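**Q** In UniProt numbering, the protein residues as written are 1 to 273. Yeah, the Cβ is synthetic: ideal placement off N, Cα and C, and Gly gets one too. Nothing here was measured: the structure is a model prediction, and the numbers come from that model.
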C-alpha cells in the first residue's frame, strides 16, 4: 500500500482510500488476460507491457464503504519470465494463482508457482482461481479437487468466468479484505463498513432494552440468543448514564411519603418499650 505526498494530496484529492498491488500468476493460456480485459476502469499502463512480459491494469472496488484501488500485475507465465515474477512478488500485497478448469496440466503447474511465491514472498495472502467456468462441459479439474487443494494450502478458492463476469469482483474483494487484515488496517475501515440488515436490527433492539429484558421479547429462541450475544459483545463497554429525572422523582416520593413519620414513631415506641 502506498501513499501520495502531502503536496499532491492537497492539490489532487485521491479517488481511492487504499492502493493494493496484486500479482496474477499461472501457466500461459490460462486466461489471465481475459480476467483483466473485463475490468471496468483503468487500462494497461505499464511501460513494460509487451516487451518484458509483464503488464498491469488498474481497477477500483468497494469494500465495506472504502474505495480500494487495485494494481493487477500479470505475467505471461513462461519460464523465461521467472526472474520478473520474483522481483514483482516482493512488493505485492496479494497473489492470485490462476488455472484453467479445462486444462489439467495448468492445475498441476500451480505447485510450481506456489513454491515460487512461498520462496520469494512468504506469508502473502493468496487465492486460487479456476478460470473459464463457462466451459464447464469441458471440465478436466473437478471443483472438489481444487477446493481441497486450496484448503490444504490455506487459500480461498473461486471459480470464475470473465465471459459471464462471474466471481471476478468477488474474488478481488476477498483478497483485498485478507490483505488489509494482514497489514493491520481493519481497525481503520471497520467503522465505515456497510452494516447488514440483521446487524442494524440487532443494534436497534439492543439499544432500547437490556440483556435481561431480551428473554421477555416475543421472538424465536435462536434470535434471542443472537441478540444476547450481540448485546454482550457490542454494548458491554457502553457507559451507564443515570437518569436524573428518575432520581428526582424517587427523592420527591421519599420526602412526601405519608408513612415515613408513622414508621419512625412505631420503631421508636417499640424500642422504648
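(1) On the DSSP bridge list, what partners appear for residue 56?
(2) Taking the alpha helix (DSSP H) that residue 118 falls in, what are its first and last residues?
(3) For residue 94, which beta-bridge partners are listed by DSSP?
(4) I need the DSSP call for residue 31, collapsed to helix, strand or coil.
(5) Buried or exposed for residue 215, please, with buried defined as at least 16 other CB atoms from any protein chain shown within 10 angstroms of its CB.
(6) So, at 6 Å on beta carbons, what are the nonlocal neighbours of residue 156 in its own chain, with the 5 sequence-adjacent residues on each side left out?
(7) Tell me, which residues are paired with residue 62 by DSSP?
(8) On the DSSP letters alone, give me the boundaries of the beta strand (DSSP E) that residue 159 sits inside.
(9) Using the C-alpha atoms, what's the distance from residue 63 back to residue 129?
(10) Is it buried or exposed for residue 132, if we count other Cβ within 10 angstroms and need 16 for buried?
(11) Could you name the residues that DSSP lists as bridge partners for residue 127?
(12) What first and last residue would you give for the alpha helix (DSSP H) that runs through residue 173?
(13) With a cut-off of 8 Å on the beta carbons, I'd call residue 124 and residue 94 a contact; round off their distance for me.
(14) Please confirm whether residue 110 and residue 149 have their CB atoms less than 9 Å apart.
(15) Just reading off the alpha helix (DSSP H) that residue 216 is part of, what are its end residues?
(16) Give the secondary structure of residue 210 by DSSP, where H, G and I count as helix, E and B as strand, and everything else as coil.
(17) Using the rule of at least 16 other Cβ atoms within 10 Å of the residue's Cβ for burial, across every protein chain shown, is residue 145 buried or exposed?
**A** In terms of the structure at hand:
(1) Stepping through the chain shown from its first residue, residue 56 is reached at position 56. For residue 56, which the question treats as bridged, DSSP gives the partners 73.
(2) Locating residue 118 in the chain shown gives position 118, counting from the first residue. Taken as a continuous stretch (DSSP letters only), the alpha helix (DSSP H) holding residue 118 covers 110-120.
(3) Counting from 1 along the chain shown, the entry for residue 94 is found at position 94. The partner list for residue 94 (beta bridge, DSSP) reads 22.
(4) Position 31 of the chain shown, counted from the first residue, corresponds to residue 31. Note: residue 31 maps to coil in three-state DSSP.
(5) On the chain shown, residue 215 is found 215 positions in, with the first residue counted as 1. So residue 215 ends up on the exposed side.
(6) By one-based count along the chain shown, residue 156 stands at place 156. Once the five neighbours on either side are set aside, the close Cβ partners of residue 156 are 127 and 174.
(7) The residue labelled residue 62 in the question sits at position 62 within the chain shown. BP columns for residue 62 point to 67.
(8) Locating residue 159 in the chain shown gives position 159, where the first residue counts as 1. Its beta strand (DSSP E) spans residues 156-159.
(9) Within the chain shown, numbered from 1, the residue matching residue 129 stands at position 129. Within the chain shown, numbered from 1, the residue matching residue 63 stands at position 63. So the alpha carbons of these two residues sit roughly 20 Å apart.
(10) Against the chain shown, residue 132 aligns to sequence position 132. Its Cβ being crowded by 16 or more others within 10 Å, residue 132 is buried.
(11) By one-based count along the chain shown, residue 127 stands at place 127. DSSP output for residue 127 lists 96 and 156 as bridge partner(s).
(12) Sequence index remark: in the chain shown, residue 173 carries index 173 (1-based). Residue 173 -> alpha helix (DSSP H) spans 168-182.
(13) By one-based count along the chain shown, residue 124 stands at place 124. By one-based count along the chain shown, residue 94 stands at place 94. Between residue 94 and residue 124 the Cβ distance is about 6 Å, and since that is below 8 Å, they are a contact.
(14) Walking along the chain shown from the start, residue 110 turns up at place 110. Walking along the chain shown from the start, residue 149 turns up at place 149. Yes, they are a contact pair.
(15) As a first step, residue 216 is located in the chain shown; it is residue number 216 there, counting from the start. First-last for residue 216: undefined, no H or E at that position.
(16) Within the chain shown, residue 210 is the residue found at index 210, counting from 1. Note: residue 210 maps to coil in three-state DSSP.
(17) By one-based count along the chain shown, residue 145 stands at place 145. Exposed, by the Cβ-count rule.
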